[in-house]
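For the sequence shown, my numbering begins at 8 and goes up steadily by one.
The next block holds one structure in the form of structure tokens; read it before the comments.
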Amino acid sequence: MKSSTFEAHHIGAVTLQQIRCFSAVAGRQTYRGLARELGIEQPAVSRAVMRLEEILGGKLFEPRDRTRRTAFGEKVYREAGRILGMVESLKLLALDEAGKGRAAGVVTIGTKSSFAETLLPKLIGRFRAKHGRASIRVRCGSGDDLIRMLQAADIDLAVSHRRPPPDGVAFKRLWTFPRLLVMPKGHPLAGGTITAGKLAAASLILPSRNSGTCIEIMAILSKVTTAERLKSFIEVTSSEARIRYAAAGLGAAVVDGSARDIIPASLAARPLPARLLPERDAGVYYSTERYTPQSVIRFMEAACGFKPSQT
8 MKSSTFEAHH IGAVTLQQIR CFSAVAGRQT YRGLARELGI EQPAVSRAVM
58 RLEEILGGKL FEPRDRTRRT AFGEKVYREA GRILGMVESL KLLALDEAGK
108 GRAAGVVTIG TKSSFAETLL PKLIGRFRAK HGRASIRVRC GSGDDLIRML
158 QAADIDLAVS HRRPPPDGVA FKRLWTFPRL LVMPKGHPLA GGTITAGKLA
208 AASLILPSRN SGTCIEIMAI LSKVTTAERL KSFIEVTSSE ARIRYAAAGL
258 GAAVVDGSAR DIIPASLAAR PLPARLLPER DAGVYYSTER YTPQSVIRFM
308 EAACGFKPSQ T
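What follows is the structure, given as structure tokens:
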């Protein structure tokens, strides 16, 4: 009985400051940057993390790398996110109760660079119309990177193309887009039937070679042209840049349908036939394992049109 009482008191010594310090460092924030943000000395951050390890009775970081979480540290990191999320939600509720509406909050969104140029501004605009004081942070990465960041709680949400979500992650479809072919209006591909043979004969401006769209196109064209010909296409990562290359007369650009709004009227834009490249779903990924902060729920409701189930 005495031991149980001691353990309960021992665990109760954990402070929010310790949790904040650990969570930030585990999320790859530097000790120096965190100390400056919290208005404390850098050694105080280290002491807070070490004290949390003592209280919890386990190592949170690998001995040789104080930014790499141990298996125990991963579990604590997830729970720390839940705790800090609930604290944020309480603050937002208090602001609402005080009649200060449009309460502040922070939402960190991960997305592909092409979506950061096209889809994300629309979502953020819808959210800001209802919650103007909220802070938005955007991080860009590949589809795989976004899922890893979401699982590590480095981002709250990921906006990307659909792929099978891993355990603990859910996907909500928001859009379905064709792939578009963008070129000057006098280009041979601006009219008539688009075939694999015509694409193979044209000067194409494609996404990077490791992208899903480029891999699909190469698989189609490899059936109707030579391997040497496949090496002659222009590869450009950004959708906006590919459109500019097309406007400069360098060829026909393949872009996602999400980029339609940034295609100038001087260019022709045609959907690639579904028999060549099927349409792609895109939407939002979110964690089903962590507590969802109120600010994130509000973003989903205002920007995405749905409310996730709480965890």
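Just so you know, even glycine gets a beta-carbon here, dropped at the ideal spot from N, CA and C.
From a predicted model like this one, the values you see are computed outputs, not experimental measurements.
Buried or exposed: where does residue 124 fall if 16 or more other Cβ atoms within 10 Å of its Cβ makes it buried? Result: buried.
The alpha helix (DSSP H) spanning residue 52 covers which residue range? Start and end: 49 to 63.
So, under 8 Å CB-CB, residue 141 and residue 117 are touching, yes? Tell me the CB distance rounded to an integer number of Å. Beta-carbon to beta-carbon, residue 141 and residue 117 are separated by about 17 Å, too far to satisfy the 8 Å threshold.
DSSP state of residue 200 mapped onto helix, strand, coil: Coil.
Close-in-space but distant-in-sequence residues of the same chain around residue 158 (CB under 8 Å, 5 per side omitted): Here the set comprises 173, 175, 176 and 294.
How many angstroms separate the CA atom of residue 42 from the CA atom of residue 54? If I take the Cα positions, the gap works out to 12 Å.
Span of the beta strand (DSSP E) holding residue 74? Judged by DSSP secondary structure, residue 74 falls within the beta strand (DSSP E) whose first and last residues are 72 to 76.
To which residues does DSSP link residue 221 through a beta bridge? Beta-bridge pairing links residue 221 to no other residue.
Span of the beta strand (DSSP E) around residue 287: Its beta strand (DSSP E) spans residues 287 to 294.
Residue 257 in three-state terms, based on DSSP: Reduced to three states, the DSSP call for residue 257 is coil.
With contact counted as at least three CB pairs below 8 Å, one residue from each stretch, are the segment 184 to 203 and the segment 277 to 296 in contact? Yes, since at least three Cβ pairs between the segment 184 to 203 and the segment 277 to 296 fall closer than 8 Å, the two stretches touch.
Is the beta carbon of residue 260 closer than 8 Å to that of residue 197? No; because the gap between Cβ atoms is not below 8 Å, this pair is not in contact.
Are residue 131 and residue 146 touching if we call contact CB-CB under 8 Å? Result no, Cβ atoms of residue 131 and residue 146 do not sit closer than 8 Å.
Can you list, in chain order, the residues of its chain with a C-beta nearer than 7 Å to that of residue 313? Leave out the 5 residues immediately preceding and following it. Excluding sequence neighbours, residue 313 sits near 179 and 307.
Classify residue 284 as helix, strand or coil using the three-state DSSP reduction. Note: residue 284 maps to coil in three-state DSSP.
Would the segment 88 to 99 and the segment 296 to 303 be scored as touching if the rule is three or more Cβ pairs under 8 Å? At 8 Å Cβ cutoff, the stretches touch.
Start-end ranges of the beta strand (DSSP E) lying completely within the segment 116 to 179, minimum 3 residues: If we require 3 residues or more, the beta strand (DSSP E) runs fully inside the segment 116 to 179 come out as 142 to 147 and 164 to 168.
Can you give me the Cβ contacts of residue 269 inside the same chain, cut-off strictly under 7 Å, excluding the 5 residues immediately before and after it? Closer than 7 Å at Cβ, skipping near neighbours: 124, 125, 247 and 250.
Helix, strand or coil at residue 309 [DSSP, three-state]: When secondary structure is reduced to three states using DSSP, residue 309 falls in the helix class.
Between the alpha carbons of residue 186 and residue 160, how many angstroms are there, rounded? Cα to Cα, the separation comes out at about 31 Å.
Using DSSP's beta-bridge definition, name the partner residues of residue 4. Coverage of the chain is limited to positions 8 through 318, which leaves residue 4 absent and any answer about it impossible.
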